[in-house]
Each structure stands twice: as C-alpha cells, then as structure tokens.
Amino acid sequence: MQRAVFLDRDGTISEEAGYINHIDRFHLYPCAAGAIRKLNDAGWHAILTTNQSGIARGYFPEALTNQIHENLQVELAGAGAHLDAIYYCPHLVGGTIPEYSKPCECRKPKIGMLLKAAENFQLHLPSCFVVGDRYADIETAYNAGARGVLVLSGYGKGEQQYMGHTWQRQPAHIAQDVSAAVDWILQNA
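Printed below as a string of structure tokens:
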C-alpha cells in the first residue's frame with residue numbers, strides 16, 4: 007500500500023483570495039513548490055483535494071478550474087515538482103447551476119475525493135495525511151482515518167485562534183505553512 011499527503015489548495019498551497027474567478031488571481035505560495043518537491047523526492051504521493059463551490063454558485067465556469075490546475079502543474083514542473091493527481095468538488099446543495107447543485111460524497115469534509123485517490127493509487131488512508139487551512143480539512147482526515155495537519159496560512163490562524171476551542175477533534179499537528187507541515191510529516195510519519 008502507498009502513502010499520500012492530500013493538500014488543500016486555497017490558503018494552503020496558494021494564496022486565499024476568495025473565489026478565484028480569473029486565472030490572474032491564482033498565486034502559488036513561494037514555499038509550495040519546494041514542499042511538494044520534498045514529497046516527490048521522499049516517494050510520497052502529493053495529491054490536491056479542493057472544494058470549488060464557486061462552480062455550483064455560478065461564479066466561474068468549471069473550465070477555469072481546469073485551466074488553473076493545468077497552469078499549476080506547469081508552474082510546479084518549472085520548480086521540479088508535481089502533483090500526482092488533482093481532485094476537486096464542484097458541488098453545492100443550493101447552488102445556482104442545476105447540474106452542480108446536488109448533494110455529493112466528494113465535498114470535504116466528506117471523503118469521496120480521498121476514496122477515489124485511494125482506489126487509483128492503492129493508498130492506505132490511515133498512513134496518509136491531510137494538510138489544510140480549514141477545520142473541514144481536519145474533519146476530512148478524521149473521517150478517512152488519516153491524520154490532519156492544520157496550516158496557519160489562509161484561514162488557518164483565525165480558525166484555530168477563534169474556533170479551535172470548539173473543535174471536536176484537534177489536528178495531529180499545527181504548522182506555520184505547507185513547507186513546515188511537509189517537514190513535520192516527513193519526520194513523524
């Protein structure tokens with residue numbers, strides 16, 4: 007069985023900018039490519055999992071999400087890194103685009119994206135980590151039997167400071183950013 011680190015997108019590997027409704031608004035954090043390259047070099051699968059409800063809300067077309075992810079892979083490749091897979095959830099109950107306005111099993115904190123990756127890469131989810139800037143990422147990890155790492159970038163610092171005391175489950179670790187999260191994972195896996 008293989009191991010993976012599931013990385014959230016906005017606020018974790020890229021700047022949190024609300025709904026990214028134009029390609030020019032997507033900016034990778036300076037430390038992200040190096041962190042992903044460390045995972046690549048260590049033999050871990052690096053897999054992006056992201057909720058993208060802006061599609062269901064009609065804020066931007068699904069094609070933009072695909073374009074952002076294609077550009078992301080090109081940018082990472084330029085730094086000697088790559089994501090093994092990218093999974094995203096375009097759904098939201100109550101969205102304005104009917105084909106995406108439905109319940110699903112992929113929207114975090116549900117684990118549909120992780121289950122699909124586990125099947126595609128023969129992953130042992132309890133040996134995996136989920137890294138993100140929201141409590142939903144920590145809940146996703148818990149729901150999959152994996153370990154969650156909260157980063158203080160994006161929404162992380164505010165969520166941890168103001169809501170952390172209400173969380174039913176705490177992260178396995180809290181890191182300053184994705185680079186520090188990956189360093190901790192590689193030292194503690």
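Note that my numbering has the sequence shown beginning at 7, numbered continuously upward.
All residues carry an ideal CB built from backbone N, CA and C; glycine is no exception.
Only a predicted model underlies this, so the values are computations on that prediction, with no experimental measurement involved.
Asked, Found
"Can you give me the C-alpha to C-alpha distance between Arg63 and Thr56, rounded to a whole angstrom?", "15 Å"
"For Ala83, count neighbouring Cβ atoms within 10 angstroms of its own Cβ and tell me buried if that reaches 16, exposed if not.", "exposed"
"Do you know offhand how far Leu156's Cα is from Gln128's?", "25 Å"
"I'd like the span of the alpha helix (DSSP H) that includes Ile180, first residue to last.", "Element bounds for Ile180: not the alpha helix (DSSP H) but the beta strand (DSSP E), 179-181."
"Out of curiosity, what's the CA-to-CA distance linking Glu68 and Pro36?", "26 Å"
"In the structure shown, what three-state DSSP assignment does Val99 receive?", "coil"
"Return the chain-ordered list of same chain residues with a C-beta closer than 8 Å to the C-beta of Asn77, the five sequence neighbours on each side being excluded.", "Ile29, Phe32"
"Less than 8 Å between the C-beta atoms of Leu4 and Val11, yes or no?", "Beyond the ends of the chain as shown, which are 7 and 195, falls residue 4; an answer cannot be given."
"Going by alpha carbons, who is nearest to Arg113 out of Gly40, Thr146, Glu22, Ala52?", "Thr146"
"Closest by CA to Ile26, which one among Gln8, Thr71, Ala52, Ala41?", "Thr71"
"By DSSP's criteria, Leu13 is part of a beta bridge. Which residues make up the other side?", "Leu54, Val137"
"Could you round the C-beta distance between Leu121 and Leu54 to whole angstroms and report it? I think they count as a contact, below 8 Å.", "Not confirmed; about 16 Å, so no contact."
"Would you list the residues sitting across from Gln8 in a DSSP beta bridge?", "Leu129"
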